[in-house]
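Trainee:
Residue numbers (this note's numbering), protein chains in the order written: chain F, 1 to 152; chain C, 1001 to 1103.
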């Protein structure tokens, strides 16, 4: 294993199609993903951007490595929201969706961090909050209040 | 949520979560070195943690790696802590606190 690696798993009362849409549509991400709008064609090799609502600054950029809707999405992850992280090589995020009973099991694996990564500590508190917001949004129509958001 | 509390209500299992917090993705063998438990006891505790969703197992070839999954604790935090306390308490600090009470 190279460097740290994180795995998060949550069950969402929604179909894999709905969870996929929530992961890949800007209207959804703006409500649970640090108010960023995701932009991509979701074709392998194409870029992915998580842009702040001003439409100009980008929080995270990456590339689509693999997209198999609504089961698997793999993207590279280059953090731009923090000066120190910008110089760091991209890591990798894998979203795995699986229907289970009436729910979808969503697993996120974040790995391939470079040695001495400055990104992963923030990631550790960021993903649980994002995932909880996504779950809440799909199940209740409401995301979590931003006041509960951890610092990046 | 009962299974989460039940899983957390044992100091051995909280110790296992501590060890995974320090180094995520450990195998049974690696975990065995960090805790004062028999292999068999450790396996049993890990099964309970997995059933509660607090540990997620990922196979790499024949090796089974164990990851701390904070999402059930996040759910507990949302259910109670966020309701009564205020904004600054994030789920992860709640988790950290829960794990550190042990020391």
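We put the beta carbon where it would ideally sit given N, CA and C, even for glycine.
(1) With 8 Å as the threshold, decide whether the Cβ of residue 132 (chain F) is near any Cβ in chain C.
(2) Quick check on DSSP: helix, strand or coil for residue 1101 (chain C)?
(3) Do the CB positions of residue 1070 (chain C) and residue 1052 (chain C) come within less than 8 Å of each other?
(4) If we count the other Cβ atoms within 10 Å of its Cβ and call it buried at 16 or more, is residue 1087 (chain C) buried or exposed?
(5) Residue 69 (chain F) and residue 77 (chain F) - do their beta-carbons sit closer together than 8 Å?
(6) Of all Cβ atoms in chain C, is any one closer than 8 Å to the Cβ of residue 6 (chain F)?
(7) What are the uninterrupted segments assigned as alpha helix (DSSP H) that are 4 or more residues long and contained completely in the region 1007–1077 of chain C, given in chain order?
(8) Could you check if residue 5 (chain F) is buried or exposed, using at least 16 other CB atoms within 10 Å of its CB as the buried criterion?
(9) Count the other CB atoms, across all protein chains shown, that sit within 10 Å of the CB of residue 97 (chain F); report buried if there are 16 or more and exposed otherwise.
(10) Do you know whose CA, among F:134, F:66 and F:139, lies nearest residue 23 (chain F)'s CA?
(11) Taking buried to mean at least 16 other C-beta atoms within 10 Å of its own C-beta, is residue 129 (chain F) buried or exposed?
(12) To the nearest angstrom, report how far apart residue 116 (chain F) and residue 92 (chain F) are at their CA atoms.
(13) Can you check whether the CB of residue 1066 (chain C) is closer than 8 Å to the CB of residue 1037 (chain C)?
(14) For residue 72 (chain F), which beta-bridge partners are listed by DSSP?
Mentor: For this structure:
(1) yes
(2) coil
(3) no
(4) Its pLDDT being 49, under 50, residue 1087 (chain C) is placed unreliably in this model, and the coordinates cannot settle the point.
(5) no
(6) yes
(7) 1011–1022, 1028–1034, 1039–1051 and 1071–1076
(8) Its Cβ being crowded by 16 or more others within 10 Å, residue 5 (chain F) is buried.
(9) buried
(10) The shortest C-alpha to C-alpha distance from residue 23 (chain F) to any of F:134, F:66 and F:139 is the one to F:134.
(11) buried
(12) One C-alpha to the other measures close to 16 Å.
(13) no
(14) F:68 and F:96
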